[in-house]
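J.: Chains as they are written, first to last, in this note's numbering: chain A, 1 to 290; chain B, 1001 to 1159. Even glycine gets a Cβ: it sits at the ideal position worked out from N, Cα and C. Structure in structure tokens, see below.
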Amino acid sequence: MYPPPFDYQAPDSLEEALAILAEHGYEAKALAGGQSLIPLLKLRFAAPAVLVDLGRIPGLDGVEAADGELRIGALARHNQLAASPLVAERCPAASAAAPQIADPLVRNLGTLGGSLAHADPAGDWGSVMIACGAQLVLASAGGRRTVPATEFFRGVFDTALEPTELLTEVRIPSPRGPAGGTYLKLERKVGDFATVGVAVSLELDGAGRIARAGIGLTAVGPQNLRAAAAEEALAGAEPTAEAFAEAGRLAAGGCEPASDVRGSAEYKRHVVEVYVRRGLARALEIARRS
Amino acid sequence: MEITVTVNGTAETRDVEPRLLLVHFLRDVLGLTGTHVGCDTTGCGACTVLLDGAPIKSCTLLAVQADGRAVTTVEGLIENGQLHPIQEAFKEEHGLQCGFCTPGMMLVAKALIESNPDPSEEEVRWAISGNVCRCTGYTNIVKACRRAAAQIRQAEVAS
């Protein structure tokens, strides 16, 4: 299968890339790792007139801790994040998710920003960003703006990104107290999309109560979902098995799974309940060790 | 568009359409048909090559993205007319049945052994988890990868 013809541009600066997008708008499409976009081109689901390859732009794949945040460049690859000690220390949910994305070969090319901008509801990163309270930095020729992950996803393959904008960085606030997180994914086999995925982030206060709980859900709605009712029930609560079980029930009640080849809606809802409970317990273990 | 890709150590400069996939650049432009096209949808790993040493699926990369970079295909494993220890090990352990997945499996093994000279069975299975053997000959593929690692370690001790 061949992609349809396109005009290929490989700018070597972000400014140049943004200028190309400003000129072409909807006619242009940005190429990061290509592990979602190239299959879409081959299947002719996408046929941009201009393909803007971001791969020659230096400095967009960094990982650094600064100003109480973990900052990850949009072009950081999944395998790079899976191997990063800084990500493991500052964001265990991201560290747990990275090695579960697709397969090892896809992880050598696929990028965090590409996955988020693609906005597949079965994509793993969106749930992690929602759970961790991440802010996404969107750049255009006209400037920059920051959008919370909870407001970035708008529906199936739909985000807050304007056609003239690029996602350049994610900023994950570093927890102030003991914290933990994880990502649990049910898949039929390596490389399959998630049947269900659950990202959890938990932060404790000085008294050992829950200061903040973040829960993101994969593949159980038109986009990565925030389990808002579960998060609110946990805030300020004691981190008990009962509280975690109730959070699981609330998350399962609030999601919108569809029956498909990967399982019935009822089954997926049940997995959400179990994975939220287990994920919170695992996050608590990590937090108490930290 | 003119690109230069170093393939198995030789700089290859060609004028290509931007939409040309790397796997077709290797097979159709350079005639290196050891890289196979299997599923053509990023699933099976038959088209695996090493890009700057890391295994990737060449059906899901444009040739223009490889401009200025180094690609290793199965044809690049052979050295001075001698089979690479990984190729020898696949032969000895019967790590292939129909052979369609074999080039990809061997290239993944090469990258794995370079970063982990003594991989466990689980580590080998993890490394090849993006490569499908539809004959289901995984047991011998895993044995072959571990035998190759052992032989490469021994050769390094001997030298």
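When DSSP builds the beta bridges, which residues end up paired with A:Y2?
T.: DSSP output for A:Y2 lists no bridge partner at all.
J.: Straight-line CA distance for B:G1130 to B:D1015?
T.: Using only the alpha carbons, I get a separation of about 31 Å.
J.: Whose C-beta lies closer than 6 Å to the C-beta of A:N108 among residues of the same chain, with five residues either side of it excluded?
T.: Excluding residues within five positions, the ones whose Cβ falls inside 6 Å are N79.
J.: Check the DSSP bridge columns for A:S140 and list the partner residues they point to.
T.: Paired residue(s): A:G143.
J.: Just to confirm before moving on: does the CB-CB distance between B:L1032 and B:T1073 stay below 8 Å?
T.: Result yes, Cβ atoms of B:L1032 and B:T1073 sit closer than 8 Å.
J.: Can you tell me whether DSSP reads B:E1012 as helix, strand or coil?
T.: DSSP places B:E1012 in strand when its eight states are reduced to three.
J.: Compare the C-alpha of B:A1148 against each of B:V1007, B:P1085, B:A1158, B:V1037 and name the closest.
T.: That would be B:P1085, whose Cα lies nearest to the Cα of B:A1148.
J.: Which residues in chain A sit within 8 Å of B:M1001, going by Cβ to Cβ distance?
T.: Per Cβ cutoff of 8 Å: Y8.
J.: Among residues of its own chain, excluding the 5 on either side of A:L18, which ones have a beta-carbon nearer than 7 Å to its beta-carbon?
T.: A139, S140, A141, L166.
J.: Which residues in the same chain as A:I101 place their Cβ atom closer than 8 Å to its Cβ, once the five residues preceding and following it in sequence are excluded?
T.: Taken in chain order, the residues that qualify are H78, R107, G110, S115, D124, W125.
J.: Would you please state the rounded distance, in angstroms, between the beta carbons of B:V1023 and B:T1041? I believe it to be under 8 Å.
T.: Actually they do not touch by this definition, with Cβ atoms about 12 Å apart.
J.: So does the segment 252–260 of chain A actually touch the segment 182–192 of chain A, counting three or more Cβ pairs closer than 8 Å?
T.: With a cut-off of 8 Å, the segment 182–192 of chain A and the segment 252–260 of chain A do not count as touching, because too few Cβ pairs lie within range.
J.: Use the C-beta contact count for A:S84: other C-beta atoms within 10 angstroms, 16 or more gives buried, fewer gives exposed.
T.: Classification for A:S84: buried.
J.: Identify the residues that DSSP records as bridge partners of A:D158: which are they?
T.: DSSP lists A:G155 as partners of A:D158.
J.: Measuring alpha carbon to alpha carbon, tell me which residue in A:N224, A:A134, A:T150 is nearest A:G68.
T.: It is A:A134.
J.: Considering only residues of the same chain and omitting the five flanking positions on each side of B:I1113, which have a CB-CB separation below 8 Å?
T.: Counting only Cβ-Cβ distances below 8 Å, and skipping sequence neighbours, we find I1086, P1119, C1145, A1148, A1149, I1152.
J.: Residues of chain A with CB under 8 Å from B:L1061, in chain order?
T.: Residues of chain A passing the Cβ test: G34, I38, L109.
J.: Anything in chain B within Cβ reach of A:L105, meaning under 7 Å, just list it in chain order.
T.: Neighbours of A:L105 on chain B, chain order: G1045, T1048, P1055, I1056, K1057, G1130.
J.: For A:A149 and A:A179, I'd like the C-alpha separation in whole angstroms.
T.: Answer to the nearest angstrom: the Cα atoms are 20 Å apart.
J.: Compare the C-beta of B:A1011 against all C-beta atoms of chain A and say whether one is closer than 8 Å.
T.: Answer no: the Cβ-Cβ gap between B:A1011 and chain A never drops below 8 Å.
J.: Starting from the Cα of B:E1092, find the closest Cα among B:N1140, B:E1156, B:T1013, B:D1028 and give me that residue.
T.: If we check each option's Cα against that of B:E1092, B:N1140 comes out closest.
J.: Taking 8 Å as the threshold (beta carbon to beta carbon), is A:P5 in contact with chain B?
T.: Closer than 8 Å: yes.
J.: Run the CB neighbour count on A:Q35, radius 10 Å, all protein chains shown included, and call it buried at 16 or more, exposed below.
T.: Per the 10 Å Cβ criterion, buried.
J.: Would you please verify whether the beta carbon of B:V1074 is less than 8 Å from any beta carbon of chain A?
T.: No - not a single Cβ of chain A is within 8 Å of the one on B:V1074.
J.: Any beta carbon from chain B within less than 8 Å of A:V190's own beta carbon?
T.: Yes, A:V190 lies at the interface with chain B (some Cβ there is under 8 Å from its Cβ).
J.: Just the Cα atoms here: how many angstroms apart are A:T164 and A:A22?
T.: Those two C-alpha atoms are separated by around 5 Å.
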